[in-house]
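The block underneath contains the structure these notes are about, expressed in structure tokens.
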Amino acid sequence: MARYNFRETEAKWQAEWARRGSFTATEDPGRPKYYVLEMFPYPSGRLHVGHVRNYAIGDVVARYRRAKGFNVLHPMGWDAFGLPAENAAIANKVHPADWTFENIRVMREQLKLIGLSYDWDREVATCTPDYYRHEQRMFLDFLKAGLAYRKESWVNWDPVENTVLANEQVIEGRGWRSGALVEKRQLTQWFLRITEYADELIDALKGLDRWPERVRLMQENWIGRSVGATVRFPFEGRADSLEVFTTRPDTLFGASFCAISPDHPLADEAGAGNAELAEFIAECRRMGTSEEAIETAEKRGMDTGLRVVHPLDPSIVLPVYVANFVLMDYGTGAIFGCPAHDQRDLDFARKYGLAVKPVLWPEGSGVLTDEAYAGLPESERAAFDRAPEQDGRLHVSVTAYSDTDGGTYGYDLGSLTDGRSLSVSKAKDIAIAAVEERGAGEATVRYRLRDWGVSRQRYWGCPIPIIHCDSCGMVPVPEDQLPVELPRDVSFDRPGNPLDHHPTWKHVACPTCGGKATRETDTFDTFFESSWYFARFCSPHAEEGLDGAAVDYWMPVDQYIGGIEHAVLHLLYSRFFTRALRHCGYLGVDEPFAGLMTQGMVVHETYRAPDGTWLYPEEVELQGDAAVRLSDGAAVERGRLEKMSKSKKNVVGLEHVVESYGADTARLLLLSDSPPERDLEWTDAGIEGAWRYANRLWRLVDDGLAALPPAGAPKPDRFSQPAQALRSKVHKTIQGVDEDLENFRLNRAVARIRELTNAIGEFTPAGDGDGWAYREALEASVLLIGPIMPHLAEELWQALGHAAPVSESPWPAFDPALTVDDTVTVAIQVNGKLRTTLALPRDVARDIAERTALDDPSVQRALDGSTVRKVIVVPNRVVNLVV
RNA sequence: GCGGGCGUGGCGAAACGGUAGACGCAGCGGACUUAAAAUCCGCAUCCCGGAAGGGAGUGGGGGUUCAAGUCCCCCCGCCCGCACCA
């Protein structure tokens, strides 16, 4: 008996798919479309099995949808600009372009090895002028539309990558890729006006019902909408006023001081005539903004000597402090302090002897302890707001408060409040109205989100199509001069941006006046390219970039698949970019990705030699719980499971696995061992197990062929009892797998198919019609495993006598009549405790079920003569006898 | 601190409020084999028992229900995101 020859089979079918153009996508308005996309990779070198999981999941979706009759678009390409190419250039004296294209070549071959159903005709690499010329035009359109602008500002500088980073690319104070502590620098940069869409980006999250809740929350927090008020406190003895932002205007009467950031313009002004204050401000600035510095810094401040008047009651005068905890880049860089209802303000007030003035308090308590009272927790506020009288726990008042010295202050709110309690949200409305009425402020919405800085001081990126002219200023590169191509002859022999050092490239004639001018030498952030590639895939060869008809047909992406690490990077930028493109008439959708699945990582044990160096799995032999190095037998420390990474060497090479077990086996393990969104551990035992299954299925078909009627033989009129049972299993499996694949329960789908395989293994064709049922079962198994193990499925399908490949065959249909059994197993409980199970006819009458249960010996034993008081019958499931 | 998620056999995991542990990995026993591998059959949550059977059991404690891994409340632990955000 032949063994499954995966090498021959996989190569054969990959060639056959390519020959037939099985996965070529063409717009067809007559068929429902389905666009499935995996986040395209950066061509960093080689793929390992960790990368493959992402693509395998997408491939299951693509193949399944195709079989279900959808017109499927499933493309692949390369996010090909980026810093590693420049680093390689510096380290190995190889040009970034050559390095990148060589990596693409290798990785393309690797992807082809695993039989992914891509339409390779649509492949794009973002580093080609054919791709980036379109985004240069987009940028110029953004500029016209006011969505792109240039300004000098404080930016995040990564001292290792020698470039600016966007806020989203700074994780815990460090560069997202280099891990270096980020510095603040003042530079002139290009920005995209993502804040223009802050509201839209938050509000539309609700409609993304096929996105993980987690990702939606992360984006909502990142955008960080705060609803409140801007309030101006007039300075005493000056004409101007101090502007503060607050989310708690209801506590305005609790103010006992104001505080400004050390970076606030007024701080310098006040420090000018006050050496002590100037020294304090300088000290605060030295502290830095790293997380550690913030954690350990105590709340400190110093009186500026400035005084402001309370906007609602001119008799109240407040001191203005410089405080180290007030941030210049949030709100207005100034706050009013309300110690009674903000912990930080309370700590500050206690330290500097400032008044504490409660204006809201829980029922029955007017006494303030060391804890500030901020009102009900968020989760309980809505209920209180609906019916404050009934709540009984909290009284809120903006009308009056008692100071520690017994004084009373307030303003007239008319009849609205007259002694009744008020909810916080109502009090906010009233306070804002009062402030607005006096011209002292207005309702304001603020965001944490900052505009997206897209300038990078690097070579290997898309040139920003701008020319700087001394007489004309900033001049967009005229459209007929696009693209601005990267020069090839650059040198990396000194730090900084090679474009800047290039002898000729940046010197051009001004398009407007013809005078001497220079090109912008910054390039775009590489997230620029990935913000629209999904649209380019719809018309990858269109001269105009995005072909309207094609984009309208395919967009949005129906199912997007990728890692959670892009929750607020790529996924937020793309949502913004799509809106900006819509605004400029490039496409007609708001949201690029209708469905999102974030798959877990592939993890593997780490191995460490006695000298502390990491070892590859193939350098190590496992011996029970211990491990030794193969070369010298030295004891190896087995570390925790971690994401596969080159640095820890816990990677399993793709070629190695494909050569030893085949692509289908690797796919099976990656798809079946854990739910897709959870992490998956790659083990030798796991791949062995998957390999066993591939062979088992192969043998089952190979051995069974002799007993089968020809393909397409007429269905017999009747079946033997075992054949009928097998048929029932087949149709239930089809139904179940269908549901599982619709809901991304890929591991569950595989489990069901294996159950069917086990059932077929136990079936021996004997009676009339058995052969037909046997064929039906084998064919169903092959078709169902098709999206997961496509090469094996094709080979078996052909062996079963079919001319058309699985990849062009429809998904099997199930007969609903066969998914319900005539006999059901019913749990028999006494007082809710399982005593036995009984096989009963489906939908048997309640009283018969009850009587059968009562007659059962084990039930009799459990009842032990007690009287049954109540009987619960859940049809076809449970009979519960209650005594 | 705020927000979110998760705790089920030795391990990965399944379970519309209705038979907990499907499917698999590792393990144990048996068949085949000179032997091994491969394959096939069987056993496998824990405790008592030779067995029949019984008891306990989904992080801990309470509750709702005829019935709770699943719903509600409190606590413990782990993971992730955000954070002097006014």
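Numbering (our numbering), first residue to last: 109 to 991.
Note that the Cβ used here is the ideal one computed from N, Cα and C, for glycine as well.
query                                                                                                                                                                                 : result
Run through DSSP, which three-state label would I443 get?                                                                                                                             : strand
Do three or more CB pairs link the region 825-841 to the region 881-890 at distances below 8 Å?                                                                                       : yes
In the DSSP assignment, find the beta strand (DSSP E) that holds H615 and state where it starts and stops.                                                                            : 615-617
When the Cα atoms are used, what is the spatial distance from L221 to G581?                                                                                                           : 53 Å
For P419, is the classification buried or exposed, using 16 other Cβ atoms within 10 angstroms of its Cβ as the cut-off for buried?                                                   : buried
Hey, out of A643, Y661, V592, whose CA is closest to E628's CA?                                                                                                                       : V592
Could you tell me the alpha carbon to alpha carbon distance between P918 and I896, rounded to whole angstroms?                                                                        : 15 Å
Near T234, what residues of its chain come up, given a Cβ to Cβ distance below 7 Å and the 5 sequence neighbours on each side ignored?                                                : W186, D187, A188, F189, Y240, E637, Y641
Would the beta-carbon of V598 fall within 7 Å of that of H610?                                                                                                                        : yes
Please list, in chain order, all residues of the same chain as D655 whose beta carbon is under 8 Å from its beta carbon, the five residues on each side excluded.                     : C646, S647
Please report the Cβ distance between A1040 and A337, rounded to the nearest whole angstrom; I am assuming they are in contact, meaning their Cβ atoms lie under 8 Å.                 : A query on residue 1040 cannot be resolved here, the shown segment of the chain reaching from 109 to 991 and no further.
Compare the C-alpha of L219 against each of M184, N605, N200, L248 and name the closest.                                                                                              : M184
Rounded to whole angstroms, what's the CA-CA distance from A197 to L779? Just pull it up for me.                                                                                      : 37 Å
Among the residues of its own chain, which have a CB less than 6 Å from the CB of L689, if the five just before and after it don't count?                                             : L695
Where does the unbroken alpha helix (DSSP H) through R576 begin, and where does it stop?                                                                                              : In the sequence on display, residue 576 carries His and not Arg. It is not in any alpha helix (DSSP H) - H576 instead sits in the beta strand (DSSP E) that spans 574-577.
Relative to the C-alpha of M246, which residue among V676, A643, V278 is closest?                                                                                                     : A643
Please work out which residues of its chain come closer than 6 Å, Cβ to Cβ, to Y143, disregarding the five sequence neighbours upstream and downstream, and give them in chain order. : L181, W662, V665, D666
In the DSSP output, which residue or residues are listed as bridge partners for D411?                                                                                                 : Y429
Which whole-angstrom value is the C-beta distance of R746 and Y724, which I expect to be below 8 Å?                                                                                   : The Cβ separation is near 14 Å, so there is no contact.
When you compare each of A814, V982, Y150, P965 to V232 by their alpha carbons, which one comes out closest?                                                                          : Y150
If P78 and A815 are in contact, beta carbons under 8 Å, what's the gap, nearest whole angstrom?                                                                                       : Within the shown structure, residues of the chain are numbered from 109 to 991, placing residue 78 beyond reach of any answer.
Is G283 closer than 7 Å to V290 when the C-beta atoms are compared?                                                                                                                   : yes
Which term fits D358, buried or exposed, when burial requires 16 or more other beta carbons within 10 angstroms of its beta carbon?                                                   : buried
By Cβ distance below 8 Å, which residues in the same chain neighbour T303 in space, the five residues on each side in sequence not counted?                                           : Y555, L557, R558, D559
Please classify N200: is it buried, with 16 or more other beta-carbons within 10 angstroms of its beta-carbon, or exposed?                                                            : exposed
Mind pulling the beta strand (DSSP E) runs of 3 or more residues that sit fully within the region 339-386?                                                                            : 349-354, 365-368
Locate the beta strand (DSSP E) running through F299, then write down its first and last residues.                                                                                    : 291-300
May I ask you to report which of helix, strand or coil DSSP gives V434?                                                                                                               : coil
Applying the criterion that 16 or more other CB atoms from any shown protein chain within 10 Å of the CB defines a buried residue, is Q968 buried or exposed?                         : exposed
My guess is that V323 and A702 are in contact by the Cβ rule of under 8 Å, so how many angstroms apart are they, rounded?                                                             : About 14 Å; that fails the 8 Å criterion.
Apply the 10 Å Cβ neighbour rule to L155 and answer buried if 16 or more other Cβ atoms are within range, or exposed otherwise.                                                       : buried
According to DSSP, which residues form a beta bridge with E118?                                                                                                                       : BP columns for E118 are empty, so no partner.
Quick check for students: name the residue ranges of the alpha helix (DSSP H) that lie wholly in the region 303-331, counting only runs of 4 or more.                                 : 306-311, 321-331
For V202, does the three-state DSSP call read helix, strand or coil?                                                                                                                  : coil
Check each candidate in L680, F684, G561, D660 and name the one with the smallest Cα separation from T631.                                                                            : G561
First and last residue of the alpha helix (DSSP H) that includes K837?                                                                                                                : 829-850
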